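Trainee: Let me begin by handing over the structure; questions about it come next.
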Amino acid sequence: MGAIEGQPSAVSHAKTSPAIRNGVHSNGVNNTKEAAYADVRDDGEIDADNDASAGQFAKKKPLNFYLAFFAINIVVFIFSLDSTSLSVAIPSIADQLHGTTLQSFWAGIAFLLATVITQPLYTSLSDIYGRKPLLQIAFLLFAVGSVVFGLAPNMPAVISGRLLQGLGGGGLDVLGEIIVADMTMLKERPVYLGIMAIPTAVGSILGPSLGAILCQDASWRWIGWINLPCLGVAYPLVLFCLKLRPINSPLIQRTKELDWIGMAIFTSACTLFVLPLSWAGTLYSWSSWKTLFPFLIGSIGLIVFAWYESKPLIPIIPHRLFYSRTASVTLAGAFFHGMILFALMQYLPFFYQAVKSETLIRSALSLLPTSVASVFAAGSSAVLVGPLRGYRLSIWASWVLVTIGTGLLALLSVSSSKAMGYGIPILWGWGVGALLRVPQLPIQASVAKIDDTGLAIGLLMFFRLLGGLVGLAISSTIFSNVFEASISKIIPHLPVDIQSLGDANAAIGFIPKLRTFDISPDTLLLIQNKYLDAFRAIFYAMTGVCGLGLIISLGTEELTLDKEERGEQQFETD
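Under the UniProt record's numbering, the sequence shown has 352 at position 352, and the numbering climbs by one with no breaks.
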């Protein structure tokens with residue numbers, strides 16, 4: 001596979017000037033600072049180091065490598081499982097612990113918010129203090145959060161447990177991805193990314209079903225307890241088998257070099273930005289000052305953060321990561337992919353429950369074929385990058401599939417056959433699953449400085465999660481507005497005990513009750529069609545987002561993956 005013109009190979013990359021080698025141009029004060037910070041050695045030393053590294057990994061990998069990789073797969077499985085299992089259990093938890101609507105909201109959103117905000121911080125801190133220590137901290141936070149959640153006597157304790165799990169889960173997720181990049185060369189990474197796609201997708205599949213089953217047949221507390229045995233297996237393997245090259249610079253020096261001001265600006269601005277996105281259209285309206293004011297302040301804060309990041313010696317998110325067209329296109333694609341993934345994974349189960357009158361568990365089972373297709377696509381799409389001699393074809397085909405699949409979802413109706421009900425979502429699942437892993441390859445291939453790989457991975461995952469929050473906010477608003485406008489036409493003709501459907505904010509919570517009311521089939525069909533109108537509006541909107549993702553993906557360059565360079569914190573085979 002040929003490299004794009006101007007993208008150096010592993011050998012030529014090592015022999016360029018120090019400024020170019022570290023992704024720095026010759027002009028500009030900050031560029032000079034970044035070049036001064038870079039650990040620049042003479043060309044002969046770099047060539048020798050890369051040759052030795054390539055020679056090491058040309059040999060058969062040691063047992064420790066595979067045990068450490070197995071532990072990372074357990075980690076990403078736990079995160080995927082935990083991030084998707086709680087949503088179905090929140091009504092049961094709130095009912096048992098006498099929680100308010102506000103407390104239920106925070107219990108559902110605390111994990112995701114903590115994950116979004118902390119992932120860039122974990123990435124930056126791990127570059128300074130090392131991946132393994134930060135991963136161990138993430139393990140501790142996640143384990144403590146799971147215990148707090150499992151023992152929670154009230155809703156504030158549930159929220160605290162989920163917040164701690166999110167603080168730890170953000171690190172488990174992003175550091176797991178980064179460490180695999182540290183352990184492998186870019187040329188061999190598609191295979192490992194394909195393997196990692198399996199536990200990620202399986203965890204996402206099992207999460208909703210497991211949450212429903214535990215609530216119905218055991219206790220919601222097991223959503224927390226079930227994490228501990230997995231952590232008990234993964235942590236010793238990480239502790240004893242994950243051998244990464246330590247960072248040699250003194251701890252005090254590293255601490256002084258850290259971008260503390262940037263982290264403070266980012267944390268506060270990102271919190272203010274994502275909080276109103278999470279409650280807009282549900283807890284508070286979009287026009288409420290409680291939504292607009294923090295959103296405006298957060299937006300200004302992020303602009304200030306983007307400006308400030310040109311100042312520090314070691315910024316959290318260096319501007320050089322955006323110099324590549326492929327990197328910018330891939331990050332935009334990750335944002336749109338997050339919008340589609342989160343929005344439809346949230347509302348497809350509701351579609352089956354409201355329009356098809358399925359139970360909670362049955363709706364999870366109805367999505368099982370879609371999830372299985374997503375697992376297979378996520379794994380195979382990354383593995384096939386080698387035989388296809390590049391990643392662009394896979395990315396483009398995936399965007400085409402997800403666009404067609406999302407658009408076809410609007411054809412589903414109350415009377416749709418089972419073949420349509422299963423087949424169309426499978427097409428969507430295949431496309432969205434394939435886009436889970438392959439975009440990591442262009443973002444990693446685009447970095448001019450090999451030690452920026454971790455930052456690039458963290459940024460990609462942040463953009464996807466941020467897109468997910470935006471997608472949830474937009475889809476929630478669309479659902480509420482369309483459902484309220486549609487149901488208002490028939491509210492006067494409905495029985496008194498179901499006229500509360502006139503409040504669109506209660507529409508989702510009302511879905512399980514539809515099967516319990518003694519109403520005529522014609523009335524039920526009328527209500528189901530109003531739900532269908534709202535779901536179709538979401539499908540149409542997300543189809544437009546898919547189209548944008550497809551168009552933007554056309555700007556992706558086919559950068560070479562035939563690189564043997566490895567970063568400072570590479571896996572040690574001795």
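Glycine included, each C-beta is placed from N, C-alpha and C at the ideal position.
Because the structure is a prediction, the values reported are computed rather than measured.
Since Val496 is in the alpha helix (DSSP H), which residue starts that stretch and which ends it?
Mentor: Numbered from its first residue, the sequence shown carries residue 496 at position 496. Premise fails: Val496 is in no alpha helix (DSSP H) and is neither H nor E.
Trainee: How is the alpha helix (DSSP H) around Glu484 delimited, first residue to last?
Mentor: The residue labelled residue 484 in the question sits at position 484 within the sequence shown. From DSSP, the alpha helix (DSSP H) with Glu484 extends over 453-487.
Trainee: Specify the secondary structure class of Glu45 as computed by DSSP and reduced to three states.
Mentor: Translated into the one-based positions of the sequence shown, residue 45 becomes position 45. In this prediction, Glu45 scores a pLDDT of 39, lower than 50, which makes its location untrustworthy; no coordinate-derived value is stated.
Trainee: Could you check if Ala378 is buried or exposed, using at least 16 other CB atoms within 10 Å of its CB as the buried criterion?
Mentor: Reading the sequence shown from its first residue, position 378 is the one you call residue 378. It counts as buried.
Trainee: Identify the residues that DSSP records as bridge partners of Ala280: which are they?
Mentor: The residue you call residue 280 lines up with position 280 of the sequence shown. Answer by DSSP bridge pairing, in chain order: Tyr284.
Trainee: Determine, using beta carbons only, whether Ala354 and Phe539 come nearer to each other than 8 Å.
Mentor: Numbered from its first residue, the sequence shown carries residue 354 at position 354. Numbered from its first residue, the sequence shown carries residue 539 at position 539. No, the Cβ-Cβ distance between Ala354 and Phe539 is not below 8 Å.
Trainee: Does DSSP put Leu244 in a helix, in a strand, or in coil?
Mentor: As a first step, residue 244 is located in the sequence shown; it is residue number 244 there, counting from the start. Three-state DSSP puts Leu244 in a strand.
Trainee: Can you tell me the Cβ-Cβ gap for Gly150 and Arg221, rounded? I've got them flagged as a contact below 8 Å.
Mentor: Within the sequence shown, numbered from 1, the residue matching residue 150 stands at position 150. Within the sequence shown, numbered from 1, the residue matching residue 221 stands at position 221. Indeed they touch by this definition, with Cβ atoms about 5 Å apart.
Trainee: Rank Phe463, Ser416, Ile395, Val414 by C-alpha distance to the C-alpha of Val432 and give the top, closest one.
Mentor: On the sequence shown, residue 432 is found 432 positions in, with the first residue counted as 1. Selected option, being the one with the closest Cα: Ile395.
Trainee: Using three-state DSSP, classify residue 581 as helix, strand or coil.
Mentor: For residue 581 there is no data in the structure shown, the boundaries of the chain being 1 and 574.
Trainee: Is there contact between the region 309-329 and the region 271-278, where contact requires at least three CB pairs shorter than 8 Å?
Mentor: The region 309-329, when compared against the region 271-278, does not touch it at the 8 Å Cβ threshold.
Trainee: Compute the Euclidean distance between the alpha carbons of Gly555 and Gly176, then round it to the nearest angstrom.
Mentor: Taking the first residue of the sequence shown as 1, we reach residue 555 at position 555. Taking the first residue of the sequence shown as 1, we reach residue 176 at position 176. Those two C-alpha atoms are separated by around 29 Å.
Trainee: The alpha helix (DSSP H) that contains Ser328, what's its start and end?
Mentor: Counting from 1 along the sequence shown, the entry for residue 328 is found at position 328. From DSSP, the alpha helix (DSSP H) with Ser328 extends over 325-355.
Trainee: Does the contact criterion of 3 or more C-beta pairs under 8 Å hold for the region 250-267 versus the region 128-136?
Mentor: The region 250-267 is in contact with the region 128-136.
Trainee: Between Ile195 and Ile443, what straight-line distance do the alpha-carbon atoms span, to the nearest angstrom?
Mentor: Sequence index remark: in the sequence shown, residue 195 carries index 195 (1-based). Sequence index remark: in the sequence shown, residue 443 carries index 443 (1-based). Taking the straight line joining both Cα atoms gives about 19 Å.
Trainee: With three or more beta-carbon pairs closer than 8 Å as the criterion, would you say the region 148-164 touches the region 97-108?
Mentor: Verdict: yes, contact present.
Trainee: Could you please give the first and the last residue of the uninterrupted alpha helix (DSSP H) stretch that includes Ala434?
Mentor: Within the sequence shown, numbered from 1, the residue matching residue 434 stands at position 434. Looking at the DSSP string, the run of the alpha helix (DSSP H) that includes Ala434 is 418-434.
Trainee: To the nearest angstrom, report how far apart Lys290 and Phe266 are at their CA atoms.
Mentor: As a first step, residue 290 must be located in the sequence shown, where it is residue number 290. As a first step, residue 266 must be located in the sequence shown, where it is residue number 266. The alpha-carbon atoms of Lys290 and Phe266 are separated by roughly 21 Å.
Trainee: Whole angstroms is fine: what's the gap from Met461's alpha carbon to Ser287's?
Mentor: The residue given as residue 461 occupies position 461 in the sequence shown. The residue given as residue 287 occupies position 287 in the sequence shown. Cα to Cα, Met461 sits roughly 30 Å from Ser287.
Trainee: Kindly give me the distance between the Cβ atoms of Val329 and Ile178, rounded to whole angstroms, as I take these residues to be in contact under 8 Å.
Mentor: Stepping through the sequence shown from its first residue, residue 329 is reached at position 329. Stepping through the sequence shown from its first residue, residue 178 is reached at position 178. Between Ile178 and Val329 the Cβ distance is about 21 Å, and since that is not below 8 Å, they are no contact.
Trainee: Any idea if Trp260 is buried or exposed, counting beta-carbon neighbours within 10 angstroms, 16 or more meaning buried?
Mentor: As a working mapping, residue 260 is identified with position 260 in the sequence shown. By the 10 Å Cβ count, Trp260 comes out exposed.
Trainee: Return the first residue and the last residue of the alpha helix (DSSP H) that Thr560 is part of.
Mentor: Numbered from 1 along the sequence shown, position 560 holds the residue referred to as residue 560. Thr560 -> no alpha helix (DSSP H), and no H or E assigned at all.
Trainee: If you measure between the beta carbons of Pro318 and Leu455, is that distance less than 8 Å?
Mentor: Looking up residue 318 in the sequence shown gives position 318. Looking up residue 455 in the sequence shown gives position 455. A contact, by the Cβ cut-off of 8 Å.
Trainee: Count the CB pairs spanning the region 190-204 and the region 379-395 that are closer than 8 Å, and state whether there are at least three.
Mentor: The region 190-204, when compared against the region 379-395, does touch it at the 8 Å Cβ threshold.
Trainee: Would you kindly work out how many angstroms separate the C-alpha atoms of His25 and Lys449, rounded to a whole number?
Mentor: Here residue 25 corresponds to residue number 25 of the sequence shown, with the count starting at 1. Here residue 449 corresponds to residue number 449 of the sequence shown, with the count starting at 1. Because His25 carries a pLDDT of 38, less than 50, the predicted location of this residue cannot be relied on, and the following value inherits that uncertainty. Whole-angstrom Cα-Cα distance: 12 Å.
Trainee: Given this structure, state the Cα-to-Cα distance separating Arg320 from Ala264, to the nearest angstrom.
Mentor: Counting from one through the sequence shown, the residue named residue 320 turns up at place 320. Counting from one through the sequence shown, the residue named residue 264 turns up at place 264. About 21 Å.
Trainee: Find the nearest neighbour of Phe79 within the set Lys60, Val148, Ala201, Val88, judged by alpha-carbon distance.
Mentor: The residue given as residue 79 occupies position 79 in the sequence shown. Nearest of Lys60, Val148, Ala201, Val88 to Phe79, Cα basis: Ala201.
Trainee: Taking 7 Å as the cut-off, is the CB of Pro208 close to at least one heavy atom of the ligand ZN?
Mentor: Judged by which ligands are present, the structure shown has none, so any question about the ligand ZN falls away.
Trainee: Please determine, among Asp95, Ile72, Leu360, Ala114, the residue with the shortest C-alpha to C-alpha distance to Val180.
Mentor: On the sequence shown, residue 180 is found 180 positions in, with the first residue counted as 1. Val180 has its Cα closest to that of Ile72, out of Asp95, Ile72, Leu360, Ala114.
Trainee: When we look at the beta-carbon of Phe142 and count the other beta-carbons within 10 Å, is it buried (16 or more) or exposed?
Mentor: By 1-based counting over the sequence shown, the position of residue 142 is 142. With 16 or more other Cβ atoms within 10 Å, it is buried.
Trainee: What do you reckon, are the CB atoms on Ser508 and Phe350 nearer than 8 Å?
Mentor: Looking up residue 508 in the sequence shown gives position 508. Looking up residue 350 in the sequence shown gives position 350. According to the sequence displayed, residue 508 carries Ile and not Ser. Going by C-beta atoms, Ile508 is nearer than 8 Å to Phe350.
Trainee: Would you tell me roughly how many angstroms separate the C-alpha atoms of Leu525 and Phe479, rounded to the nearest one?
Mentor: The residue given as residue 525 occupies position 525 in the sequence shown. The residue given as residue 479 occupies position 479 in the sequence shown. Spanning the two alpha carbons is a distance of roughly 18 Å.
Trainee: Is Arg515 buried or exposed, if buried means 16 or more other CB atoms sit within 10 Å of its CB?
Mentor: For the purposes of this step, residue 515 is identified with residue 515 of the sequence shown, where counting begins at 1. Exposed, since its Cβ has fewer than 16 Cβ neighbours within 10 Å.
Trainee: If you measure between the beta carbons of Ala343 and Phe305, is that distance less than 8 Å?
Mentor: Position 343 of the sequence shown, counted from the first residue, corresponds to residue 343. Position 305 of the sequence shown, counted from the first residue, corresponds to residue 305. Cβ atoms of Ala343 and Phe305: not closer than 8 Å.
Trainee: State yes or no: is the C-beta of Leu427 within less than 8 Å of the C-beta of Gly405?
Mentor: Against the sequence shown, residue 427 aligns to sequence position 427. Against the sequence shown, residue 405 aligns to sequence position 405. Closer than 8 Å, so yes.
Trainee: Since Ala434 and Ser398 should fall inside the 8 Å C-beta cutoff, what is the C-beta to C-beta distance between them, to a whole number of angstroms?
Mentor: Start at 1 with the first residue of the sequence shown, and residue 434 comes out as number 434. Start at 1 with the first residue of the sequence shown, and residue 398 comes out as number 398. Correct: roughly 4 Å between the Cβ atoms.
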